[in-house]
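Data block below; observations after.
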C-alpha cells in the first residue's frame with residue numbers, strides 16, 4: 001500500500017530540522033522510495049528524507065573506503081526491497097551492492113574455527129532497577145546494593161548467560177517499560193528482556209533497537225500487520241527487536 005496517509009504530522013513540528021551542513025536522509029527507505037517514485041515530499045514528516053527530497057544543499061558524500069551509508073542496506077537487499085542497478089541505491093549501499101572492494105580489512109574467518117569458552121553468569125538479582133539507577137548516575141554501591149547489583153556495580157564482567165529465555169515473544173517490548181520490568185510478574189515471565197538473568201539483552205535492545213523506515217511513523221496497526229516486511233523494517237515499533245539482536 002504505497003498511497004498511505006500520514007497521521008502523525010504533529011510529530012514533525014516538534015522535530016529538529018537538519019542543517020545545511022548535515023544534509024542527509026535518516027532512513028534508507030527514503031532513497032528506495034524515491035527510486036520507486038513513491039516518496040511523497042509534501043508531507044511534513046519528510047524532514048526525515050531531507051536529501052532525497054532536495055530540502056537542503058550539501059556536497060555529495062564521498063566515502064573514503066567502500067562502505068554503506070545505512071546500516072539497513074543488507075536488510076533491504078535480503079528482503080528484496082531495493083534494486084542495486086539504480087545509481088542512487090548503489091551510492092547509498094556501495095558495500096552491499098558490491099560496487100567496490102573494501103581495503104585494509106584483515107581476514108578473520110579463521111576465528112570462527114576457535115572454540116568459544118562457555119560464558120559465565122554476571123547478573124543483577126535486582127533486575128532492571130540496578131541498570132536504571134546506573135543510567136541516571138544514582139546507583140550507590142553500598143555493601144547491601146552490591147549483593148543485588150553485582151553487574152551494575154562492576155563486580156563481574158557480563159559475558160552473557162548460558163540459559164536465559166523469555167516466556168513470550170512480546171517480552172522485548174517490556175525492555176522499554178521500567179514499570180513492567182519492576183514487577184514480579186514480568187521479571188518471572190521476561191527474565192531476559194528485563195535484565196534479570198544477566199544476559200545484557202534488555203540493555204542491548206534499548207541501545208540498538210531502532211526502526212529502518214520512515215514509514216514506521218504511520219503507526220503500528222498498519223505497519224506491523226499490513227505493510228510488507230513491516231516487522232523487519234520497523235522492529236522497534238512492532239516489538240520485534242529479537243529478530244535482529246537475539247543471537
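Numbering (the UniProt record's numbering), first residue to last: 1 to 247.
We put the CB at the ideal spot given by N, CA and C, even for glycine.
Item: C-beta contact flag for residue 234 and residue 216 at 8 Å; Value: yes
Item: Same chain, Cβ closer than 6 Å to residue 148, neighbours up to 5 away in sequence not counted; Value: 125, 126
Item: Cβ-based burial, residue 218 [other Cβ within 10 Å; buried from 16]; Value: buried
Item: Helix, strand or coil at residue 93 [DSSP, three-state]; Value: strand
Item: Closest by C-alpha distance to residue 153, when choosing among 133, 170, 197; Value: 133
Item: Range covered by the alpha helix (DSSP H) that runs through residue 187; Value: 184–189
Item: For residue 213, the nearest candidate out of 24, 29, 192 (CA to CA); Value: 29
Item: C-beta contact flag for residue 229 and residue 81 at 8 Å; Value: yes
Item: Chain-order list of residues whose beta-carbon lies under 6 Å from that of residue 211 (same chain, five-residue window excluded); Value: 234, 236, 237
Item: Member of 224, 232, 131, 145 whose CA lies at the smallest distance from the CA of residue 197; Value: 131
Item: Chain-order list of residues whose beta-carbon lies under 6 Å from that of residue 10 (same chain, five-residue window excluded); Value: Note that residue 10 scores 24 on pLDDT, short of 50, meaning its location in the model is unreliable; the coordinates nonetheless yield the value given after this. Hits under 6 Å: none found.
Item: 8 Å Cβ cutoff met for residue 190 and residue 171; Value: yes
Item: Cβ distance (whole Å) where residue 34 is taken to contact residue 74 below 8 Å; Value: Wrong, their Cβ atoms sit about 20 Å apart, outside the cutoff.
Item: Neighbourhood of residue 129 by C-beta distance below 7 Å, restricted to the same chain and skipping five residues each side; Value: 182
Item: Cβ separation of residue 95 and residue 66, assumed to be a contact under 8 Å, to the nearest whole Å; Value: 5 Å
Item: Identity of the residues DSSP links to residue 30 by a beta bridge; Value: According to DSSP, residue 30 bridges with nothing at all.
Item: Assigned secondary structure, residue 49 (DSSP; H/G/I helix, E/B strand, else coil); Value: strand
Item: Residue 99, buried or exposed, once every other Cβ within 10 Å from all chains shown has been counted against 16; Value: exposed
Item: Close-in-space but distant-in-sequence residues of the same chain around residue 72 (CB under 6 Å, 5 per side omitted); Value: 28, 212
Item: Residues near residue 68 by beta carbon distance below 8 Å, same chain, minus five either side; Value: 74, 92, 93, 94, 95, 96
Item: Where residue 42 falls, given that 16 or more other Cβ within 10 Å makes a residue buried; Value: exposed
Item: Residue from 32, 37, 86 with nearest C-alpha to residue 79; Value: 32
Item: Proximity test, Cβ basis, 8 Å: residue 227 and chain D; Value: Checking the listed chains, one finds no chain D in this structure; it contains a single protein chain.
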